[in-house]
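Below is one structure, written out as structure tokens; comments come after it.
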Amino acid sequence: MQQSSQSPNKNEEKVIEAQAFEIEELKLKAAELSELNEQLEIRNKKLAEESSYAKELASAAAIELKALSEEIARLMNHNERLAADLAAVQKSSVTTPRGKTGNLRNGRRESVSKRKEQENSLMELKRELTVSKEREVSFEAALIEKIQREAELQRTVEESKQREAYLENELANMWGLVAKLRSQGAANSGLSDSVSETRIEHFGT
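Right, here's the structure in full:
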């Protein structure tokens, strides 16, 4: 009889030891998950800050793009006017009658003076048109660069959003797993207490 009573006791001890070991494992897993959860929260916060900064940069880039586009449009209109003025001066220079033989000296002097004025005006218009076209090309290059930069920022924002959504999903899964492990640990702890009470009652009888 004594040997048969000791055998269940040994079995109960093994069950309790196994449960205690399992509970410790669950506690370790819960601690690891909690630490991982904190790391994910930090990464999520950092990504949110990066996403916000990228959005601000993209917004500023959009404003700059608008300003550059307006400036390029203004320069194009200005260049068109300069080209029209230049064509008019060139046409006027060609069609201006030269002094004929027998004209008075004053008439010839006025004609020469007028041609010089036209030539000076023509050269000035050419210089202004060249400078204006160079500025237009420069602004167009800057506009292309800004467009590329804005596209990169938009990609960064989208990537940050995707990573943020992924981390939020991971955090939710982690919290669910931690809750499940804690629930299992509590259930195992209750089962261990129940076994202990049964053992005490057995010895009492």
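For what it's worth, the UniProt record's numbering labels the leading residue of the sequence shown as 1, then goes sequentially. All residues carry an ideal CB built from backbone N, CA and C; glycine is no exception. Keep in mind it's a predicted model, so treat the numbers as computed, not measured.
*Ignore the nearest five residues each way along the sequence and tell me which others in E50's own chain have a CB closer than 6 angstroms to its CB.*
Excluding positions up to five away in sequence, the list reads S160.
*asked:* Considering Cα atoms alone, identify which of E12, E71, K10 is closest to residue 212.
replied: Limits of the chain in this structure are 1 at one end and 205 at the other, which puts residue 212 out of reach.
*asked:* Give me the residue from M174, T156, S59, A87 with the minimum Cα distance to L47.
replied: Of M174, T156, S59, A87, the residue nearest in Cα terms is T156.
*asked:* Just to confirm before moving on: does the CB-CB distance between N181 and A18 stay below 7 angstroms?
replied: The identity of residue 181 in the sequence shown is Leu, whereas the question assumes Asn. No, these two residues do not count as a Cβ contact at 7 angstroms.
*Going by beta carbon distance, what residues of the same chain come within less than 6 angstroms of T101, once the five residues before and after it are set aside?*
Per-residue confidence for T101 stands at a pLDDT of 46, beneath the threshold of 50, marking its modelled position as unreliable; no derived number is given.
*asked:* Here's the rule: buried if 16 or more other CB atoms are within 10 angstroms of the residue's CB, otherwise exposed. What is V131?
replied: Per the 10 Å Cβ criterion, exposed.
*Going by the CB atoms, is the gap between K133 and E64 shorter than 7 angstroms?*
Result no, Cβ atoms of E64 and K133 do not sit closer than 7 angstroms.
*Evaluate contact between the segment 76-88 and the segment 52-64, counting only Cβ atoms and requiring at least three cross-stretch pairs below 8 angstroms.*
Because the criterion of three Cβ pairs below 8 angstroms is not met, the segment 76-88 and the segment 52-64 do not touch.
_Less than 6 angstroms between C-beta atoms, sequence neighbours within five positions excluded: which residues of the same chain meet that for N173?_
Counting only residues of its own chain and dropping the five nearest sequence neighbours on each side, N173 has no CB closer than 6 angstroms to any other CB.
*Own chain, CB closer than 7 angstroms to E128, minus 5 neighbours either side, in chain order*: Taken in chain order, the residues that qualify are L82.
*Measure the C-alpha to C-alpha separation of E24 and E168 and round it to an integer number of angstroms.*
When rounded, the distance between both Cα atoms is 28 angstroms.
*Tell me whether L75 is buried or exposed, calling it buried when 16 or more other Cβ atoms sit within 10 Å of its Cβ.*
Under the 10 Å beta carbon count, L75 is surrounded by 16 or more other beta carbons and is classified as buried.
*Please state if the CB of L171 and the CB of residue 208 are separated by a distance shorter than 7 angstroms.*
Since the first and last residues shown for the chain are 1 and 205, residue 208 lies out of range.
*Going by beta carbon distance, what residues of the same chain come within less than 7 angstroms of S121, once the five residues before and after it are set aside?*
Sequence-distant Cβ neighbours of S121 in its own chain, meaning closer than 7 angstroms and more than five residues away, are V89.
*For F139, I'd like the list of residues in its chain whose CB is within less than 7 angstroms of its CB, leaving aside the five on either flank, ordered along the chain.*
If the five residues before and after F139 are omitted, its C-beta is found closer than 7 angstroms to the C-beta atoms of L68, E71, I72, L75, all from its own chain and listed in chain order.
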